[in-house]
Each structure stands twice: as C-alpha cells, then as structure tokens.
Amino acid sequence: MHQTKHFMEYDFKKIETEWQAYWATHKTFAAKDGGDKPKYYVLDMFPYPSGAGLHVGHPLGYIASDIIARFKRHKGFNVLHPMGYDSFGLPAEQYAIQTGQHPKITTENNIAVYRKQLDKIGFSFDWEREVRTSNPDYYKWTQWVFIQIFNSWYNKNSNKAENISTLIAEFESHGNTSVNACCDDNVKSFTATDWKAFTEKEQSDILMAYRIAYLGEAYVNWCPQLGTVLANDEIKDGVSERGGYPVERKLMKQWSMRITAYSQRLLDGLDILDWTESLKDAQRNWIGKSVGTSLRFKIKDLGLKTAVTSSADEGSVSRSEYIEVFTTRPDTIFGVSFVTLAPEHELVESLTTAENKTAVEEYVTIAKNRSERERQADIAKITGVFTGSYVVHPFTGKQVPIWIGDYVLAGYGTGAVMAVPAHDSRDYSFAKHFGLPILEVVQGTSNVTLSEVEGSYDAKEGKLINSDFLNGLDVKEAMKKAIAEIEAKGLGKGKVNFRLRDAVFGRQRYWGEPIPVYYKNDIPYALNESELPLVLPEVDKYLPTEDGEPPLARAASSWKHEGKYDYEHSTMPGWAGSSWYFLRYMEPHNSSEFASKNLTDYWKQVDLYIGGSEHATGHLLYVRFWTKFLKDLGYIAIDEPAKKLINQGMIQGRSNFVYKITDRNVLVSKNRLGSLLSEDELKKIGLEDSVYKWTALHADVSIVNNDILDIQAFKNWREEYRDAIFITEENGDYICGHEVEKMSKSKYNVVTPDDIAEKFGSDTLRLYEMFLGPLEQSKPWNTNGITGVHGFLKKLWRLFYATGEFVVSADEPTKGELKTLHKTIKKITEDIERFSFNTSISNFMICVNELTDAKCNKRAILEPLLICLSPYAPHITEELWKLLGHNESISLAPFPDFNEAYLVDDLVNYPISFNGKVKFTLELAATLTKEEVEAIAMNHENMAKYLEGKTPKKVIVVHKKIVNVVV
RNA sequence: GCCCUGGUGGUGGAAUUGGUAGACACGCAGGACUUAAAAUCCUGUGUCUUCGCGGACGUACGGGUUCAAGUCCCGUCUGGGGUACCA
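The opening residue of the first sequence carries number 525 in my numbering; numbering runs sequentially from there.
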C-alpha cells in the first residue's frame, strides 16, 4: 500500500534529476550540421557569468527560447540552440584587483555555478558547442577579425569594405585624389609620386586614416579610478556603471572602429528585419541621420588678423574667410539672427576682437574643462559669449553677430550653427538669455504669431514669411528652393550628417582580448594570422602602472614581438567577443577558420534571437556592423545576424520592509504605523506617547510570506534584532511593507531559480515564469500564483493516476474529448508562433480541466497532449511518455497534427443585442443563413420585452457572431 | 524636453481582424473529506442596487467615429524604459 502511494505521487525531484542526466548522457539535443531537415537557429543573448549567479529574472528569455527550440524540433526542424559565456569583463577584474585572484579563476568558478543552475532548469542546449570569449581558442578568432578590419578600408564607390591592398595600389598609381573613401576628415591630398616619396611612417599614418580599425585621437570617457576608458553605455548618470566612479573627457590615442562608414547600411538594413519597431526606432535615433545642407557665411572683415585653418579645402576661396555651418532647416535662412560656434571651434581665437579677448578666453577655458558630468548636471544653464565679430548674411547682406556657446557640439556637423531662434528651441533659449533678436519666418497653421507665445515654433509645417524669395512657400518647398539657391550661389550644398560616432575599441584593462598589434619604430603592425592567438600575458597586479600605462605593460619583459617590439597594451572592449559569437556556434571547434564557409552557409543567420532591450544600441549595432563587414570581405553570405528578435521584459524584485522606531529596538507592523499604541505597548518600549520617528529596513523576502513576516526567522537572521520588540497587528501578524525595485543582494529581494526548483520543481518554474505575463513586458517577481501552475502539473499527473495506479485506456475518444484536444493543439500552435506563452499555458490548463471533468485517461488523447506540453514542461512529459511505453525521448516525437473537422460546431451561440448591449443569447444551428437567424431572433418570445413596443430601425446579423437590433 | 511602451476586478493577466469585457490562475468567503492539519474536491466572487427575479454602471480621464469601441480617431492625466543640447 505504502509503495503504491509513493508511486502515484508526482515526485518532481526524482523525475527531473533523472531526465536531466538522461539528456546529458544521450546528447539528445546535439545539432546536426546538415541533413534533410530545414534548419532553425535559436539564440539567447550571451550571458556574462557574474559572481552573483542567476536570479529568477535571467532564465525568462532562456525558457522562452527553449520552448521554441523544443517546439521546432517536434515540428521537424534541425535546431541549433547553443549557449556559452561572454566571459571577459570588468567585475572579475575588479575582484582580481581587490583580492589578487586571477580573473580566470573567478570566471571559471562563476561559470561552474551558472552551468549548474542552467542544468537544473532543463534547457535543451547543445552543450557540445559551448564557447567562452576568454578562451584563447575563441579569442584567437576575435583577434583574427580585428586584423581583417585593420587591413580594410571602406570604398564608397563599391559601398563596401575592401582589403587595404586595393587602396595602396590606387595610391601607387594615382595618389588619393580620386579615392572615395570613409576616412578621417583632415587627410591631405597627394599624388602617386608623393606617395612613393613618403617614409614608411608617413605612409602608415596616412593608411591609418583610412583603415576601418584605426589608431586615432579621440575624446574618450576616462575614469581615473578604474584607470580605463568607458563606452557611453558603461556610464550611468555621469559615473561609471560599475563602481560608480567619476568620469571625465580626455583626448587620447585610442584604437577605434569606423562603424560610421556603415551608418547608412545599418539604417537601411533595419527595414527588412523582423524586430520590434521600438528597438528599430532606438537604433534609428542612435544612428541619427539628418538631411540638410552645408552653408558658408562670409566673415565680415573688421581688420582682424588672418584666420588660420589646419585643413585645406575644396573650392577656390580660403575657408578662413568663411564660417561653415550645417543646418537641416535651410528654409529658415532669413530667420538667422546670429551664428554660434562651439568653444573648441578652430576659428574662435582669430574671430575674437581685442575688447572681447579676456571674456572669450575665460569662457573657452571653463567650457573646455567642464567635464561631461558637469555639462549634464546643468543642462538647463545657458552659457555663451560674444566674439565681437560678424558674418555677412548671404542673402540680405546684413551683418550677423558671431557668438560662442557650449550648446554647440564640436564633434557634430561643422561645430557651428546658424541660429534661428524663432524656429529652434535651443537657439531660442540662447537668444532670450542674451537678448538677441528673434526673427519669425515660418507662420504656423494656428495663425498665432510668435510674440504672442513663449518659445519657438520648431515644427516643419507652415508658410514662409519675411523671407524674400521664399515667401508664401510651405516649409518643404522652401527647403528645396533654398538649397537650390545656396548651391547656385556656391555657398554650400545638400549634405547628410549622422549622429553615430566611431566606436572606441581599446580599453586600458587586463581582462580582455589583447589587440594583436605590435609597434616597430613607432609604427603599429598587425600580427600575422599564423602568430595568433596572442595570448593574454600574466601580470603581477591588475592595475595600471605608476606612469599610467595599462596593466599589460606589467607583463614580463619577454612579452614582446620577436622578443624586441612592444605589443599594444590596450585590450579589446567587452563587445568584441560578442560581435561575432553567433558564427562561432556554427563550428566552435574549428582550429583553422572561425567557422567553415559551408557551415556558415548552412546555418546562415539566427532565426530567433532573444535578449534584453538594454542591448538595443550597443551590442546589436556592433554585431550588425561586424556581420556586414565579414559579408563585404566574402567570409559569410548574410549581412544581418538575426532575422527575428524579441526583447524579454525585466523581472524586477519585490522588496519587503520592516519599520524600526528610531533609537529603539522596536519594529512596528505596517498597518500600526501612525496608529495609537496601547498603554501596555508604550510602557514596553519606553515611550511617552505614540509620536515617534521610524525608518524602513529591507527584510529578506525569503522569510516573508504574503507580506507576513516570520518573526522568529527574522530574529535568527539578524543578530541585532534577537531581543527586538514587535508591535504587531491585532491577530499577532507582523505585516511588511513592499516595493518594486531592481533585484539585488543589497535589497534582500533576490529569488533564485534554485529556490523555486527546490520547492516546486523546474517544470513548475518554467511554466510559472511564462505564465506571469507576456514575455516582452516587465513585471515584478512574486510567487503568489505559483501554486496554480504547480497544481496544474499535479492535475495532469492525476489524469494518468486517477485510480492510484498508472492506467491509460485504449478506448476510442469521444467527440468531446477530440474537440478538447484539437482545440488545444490549434491554440497552442498559434500561441507559440506569436510568442504568447502565457496564454498557451492557460489553454493547457483549460484542456486538463476539461479532460479531468470528462475523466479521460485515453491514450489517444493523452499522448498527443504530452507532446504539445513537452516544450514547456519537458521533465514530467518525458516521464509520462516513458510510462506510456516509449523507449525514446519525447523530444523526438513529431508534433500532433491539428484536424479542423473536430472543431466544427453544430450550434452557434448568438448574443442578441440592442443598440450594442447584449440582452439574451440564442443557440442556433450553424447551418442557418443570416436571414434565417434574423427571422428566428425577431420572432423570439424575448424580443417584444426588449423592444418595448418600438419598431426596430435596423437589424444587423454578423454570421456566426452576433445579432444587433437598432432601436 | 524628445522617442518608445503601458494604464482592464483585491492581484497576475485574457479578449489574435471593432462583435457576449474579465478566459486562466492567485487571493478571499462558504462547504465536503479528516480527530486535526496538509493534500484534494465542490460553490460563490467586477462595482452599485434589489430579499430575490432583475436593473444600472464599468477597461486611467474628456470628447468623437460606428449598428457595435478595451480595441479606431482627437485631446488630457499617469506608470515604466531609452536618450541627452546632434543644429
């Protein structure tokens, strides 16, 4: 008797460990490199194995992708579903700095923890293909890609990257005058003869200006405390994301990637991708294309000394007589009331008149030294200074003052703007602040003039006024005409600008890929492919050297190329390894190529990519860039890494609080706060009256159940509260407060998947995470409903064990049972295909509820149901599948076919509504025509009651849907 | 500020193309089984009103389109995410 009982219970722990072991030993989920089946590649965004391990938020996306992977296998696809680790990164390095432990050890330990946690959830990853970016046999190929990029230039004529040798050949035969490349702005022109006469160093410098991976001067976010450069997305609120240290702007020689060469293609590529519009919008904004025109303003000669510029320019006139601006609103040219230069603008000094010199110098010094952080802090503060000089308006001939303002950025456009305060809010604020004129030239549709409202009219709609030859035109026409006029007069030309900046590629850190470059006579050379990998050397400390060199400068003196030449001391940024990893999974153990062409051709691109939206503008732009680059050079056949992409929402933490009276060891239950305390209580805690101050303290969520604190557990948890007095509710409960916050250790609100798996099993965890709500929506974690999905699994189990023993019947299913099954197959398939996992679980619940009510234990129904459910709850379904007598894993079974015939209803339930409000319903034969339905409804006994003697104006019958009577 | 999202019972959420709002689950209340608890099962549960039948209201708010609006349009409020003067 006892044994039978043990058998009939759903023993998830035993089932789950056994099946996880089975999948591992049978390599059930290994992907095949080819075959007759169509391929399907499902990828999760690369995790960084942090020391804290996984919390319940992390697996959300993995569970979704795993369901898809398993579903696609049932549907007959050859599925590639790999996992690995983006294992270079700052936390392990910070830990190394603090403790001296090699980041490699830290990383390995963390990975071991991750792996154990992942295995427990029952994912169908092909672990044979695991990759780690910090392994030399992986980063060998990251370095190889770098060398390809270093050895390439971007040819605007062919509109793709080409090997640098084609550029050198062009230089040797024609110089650079007819080269149409993406390169540094200030490259001088030279002839073939010049080129041949240049020294090796000079040639190297020139080529550097063309390379797609190049060493250049760049303003970077320098973090002195970390001794490294940070990317924009590694900075939050002006301080480093990790560590929270201040960050300043600094001009440094840095390795960079000419991603800007790909701006237009990165933008265009978005159109064909099946990504969410919001994600695509984020990328579009980040790339920031603006179409406008360049325009030169002649500087009014006030007897200033001749301006000196560093760059030669096209055209016959020396640029020093002009200020060039970029504008997207050439139509507003007659509204220009001043011109503003960035403080760093090269003409600032020469344009400053003697009487303004002191003020300008003072301003420029302050503005230049203001760190990014300060500039962000008082963004609202308007600062600027007048130079004393003027330009001449190209159409009116009037003089226009030249100002300097730090709202103009040196790095965008030309570093100078034509200010139209009436139609640009930034110019408007500046003009208001300094009392400069505001000239209205666009009349909005509202007919309200600017003097009647505060602020500028920025919209690109309306008619031009006060604008000479543009008068009466609408904005669009005026733009065209203005550009035509500007071009005709030789003042400028139509131009496109991008907000996207080149990406800094060097980090002054230890724990990253060494950049495969060495320096000989001050010239950087890339390593030969045969010399890869350049292995990360050992160092005594993970800090910069005393004279500010990166940690790699600490490597043994023998760490030199050919024993003599210094290697580059910077390492690659975190995004290097993740920019191509999806390709390595296609052939992770290839030692002669990053992946062979026949395999990249077979797997092509990721069919479904799941990950967090925080990577919208970082990782996802870089991986698109590298993919396009590798395509250009012919290494791969596709130019977008992922066809479809879904962002899973964040799972936030739900923190609990207890309330402590200041200076007393007394904790007050939430609902008693601010209420009167009894005489007894006051006496106990030594207070005169019920007025007191209190603070909220985080309580560990694991000792709080439905906001009720386990007081004893709390005392055990916190030594200092062992003797605390608890002011509870009347029933003796201590109620905690709660708040939604980020899940983190310091807030004691972390829930790990292990906790859940221990209590309810991994199948329950998987179902519950999906049941919580739509995948893409953010939501706080809370276990309130978990018993519901756990109960569902038990109910499923009981379908097989209704009598206490495992019994299934071979009887023919009834019409009703078949309907239940096929309705479920249909819904589940639709739901999976639109990634609506929460509703599919509801549908499974409905199905099991109906089968339970029907007392159905028929094999013909339960077998297909198990297959449908197995992507969601793989362990329990494997077990029941085996008990049904199968020897092979359920994951190999084909998905059941859906048969519409079982769903056809004989009757339709027609709601009868009056003016849209439903009053009663009618069950009518599905075969009835619209007219018959109308006739039956109108003659129904209830009709008179609701018509209240009125004649219906109109009756609308929507076939098989609804009847609406208009009265 | 700008861009993107969301706002539906006590709670998580459902309603796929405009066609019975609140599926499914939690919680709560009552009941069955049990010495008791756990587990399981049954019934009820949007709000107001009514003894009840029923009726009225109801998808953030205000308008509109429509025979019919959670769904479409206009305006407002509000939660969350991204971005930071990009001319």
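Every residue gets a Cβ at the ideal spot worked out from N, C-alpha and C, and that includes glycine.
Separation of Ala-1417 from Thr-1401, as counted between CA atoms: 12 Å
Option nearest Asn-1308 by Cα separation, candidates Ile-1349, Phe-1295 and Glu-873: Phe-1295
Met-1267 vs Ala-1027 beta-carbon contact at 8 Å: no
Of the listed residues Trp-799, Tyr-769 and Asp-729, nearest to Pro-1048 (C-alpha basis): Asp-729
Neighbourhood of Arg-594 by C-beta distance below 7 Å, restricted to the same chain and skipping five residues each side: Ser-648, Ser-1394, Pro-1395, Pro-1398 and Ser-1415
Proximity of Ser-991 and Phe-910 at Cβ, strictly below 8 Å: no
Buried/exposed call for Ser-802, threshold 16 Cβ in 10 Å: exposed
Residue of Trp-1104, Ile-962, Leu-791 and Ala-878 minimising C-alpha distance to Val-863: Ile-962
Stretch pair the region 726-742 + the region 1015-1024: three plus CB contacts closer than 8 Å: no
Where Ser-1193 falls: helix, strand or coil (DSSP): coil
Lys-1303 (DSSP reduced to helix, strand or coil): strand
Endpoints, alpha helix (DSSP H) assigned at Pro-615: 614-623
Stretch-stretch touch, CB-based, cutoff 8 Å, three pairs: the region 1304-1323 with the region 1367-1386: yes
Proximity winner among Pro-660, Ser-676 and Val-1481, relative to Ala-1050 (alpha-carbon distances): Ser-676
Beta-ladder partner(s) of Pro-748, from DSSP: Note: Pro-748 sits in no beta bridge, so no partner.
Start and end residues, beta strand (DSSP E) containing Ala-943: 940-943
Span separating the alpha-carbon of Ala-836 from that of Met-1174: No answer about Ala-836 holds up, because its pLDDT of 39 lies below 50 and its placement is not dependable.
Through-space distance from Ala-1461 to Pro-1435, alpha-carbon basis: 10 Å
For Glu-724, the nearest candidate out of Ala-1079, Ile-1185, Lys-1044 and Leu-1145 (CA to CA): Lys-1044
Counted within 10 angstroms of its Cβ, other Cβ atoms place His-698 as buried (16 or more) or exposed: exposed
Sequence-distant residues of its chain with Cβ nearer than 7 Å to Ile-1039 (five each side left out): Phe-670, Trp-779, Gly-1030, Glu-1092, Ser-1094, Thr-1095 and Met-1096
Inter-residue spacing [alpha-carbon to alpha-carbon] between Gly-1018 and Ser-1364: 54 Å
Of the listed residues Thr-1151, Ser-1179, Gly-1135 and Asn-1433, nearest to Ser-1270 (C-alpha basis): Ser-1179
Same chain, Cβ closer than 6 Å to Lys-684, five either side skipped, listed in chain order: Asp-1156
Backbone CA spacing between Gly-1340 and Gly-1312 [nearest angstrom]: 25 Å
Neighbourhood of Ile-1162 by C-beta distance below 6 Å, restricted to the same chain and skipping five residues each side: Lys-1128 and Gln-1129
Contact set for His-1483: own chain, Cβ-Cβ below 7 Å, skip 5 residues either direction: Lys-1454
Length of the line joining the Cα atoms of Ala-831 and Ile-823: At Ala-831, the pLDDT of 45 sits below 50, so the modelled position is not reliable and the matter cannot be decided from this model.
Runs of beta strand (DSSP E) wholly within the region 1026-1053 (minimum 3 residues, chain order): 1041-1044 and 1047-1050
Selected residue, minimal CA-CA separation from Ala-1002, among Gly-1014, Glu-1037, Ser-1137 and Val-965: Val-965
Which residues DSSP lists as bridging Pro-1222, in chain order: As written in the sequence, residue 1222 is His, which differs from the Pro given in the question. DSSP output for His-1222 lists Phe-1181 as bridge partner(s).
Supposed close pair Ala-1006, Leu-994 - CB separation, criterion 8 Å: 6 Å
Residue(s) in a DSSP beta bridge with Pro-1435: Thr-1445
Rounded straight-line distance, which links the Cα of Gly-1198 to that of Val-1215: 8 Å
Where Ser-676 sits in the DSSP three-state scheme: strand
DSSP three-state assignment for Ile-1160, whether helix, strand or coil: coil
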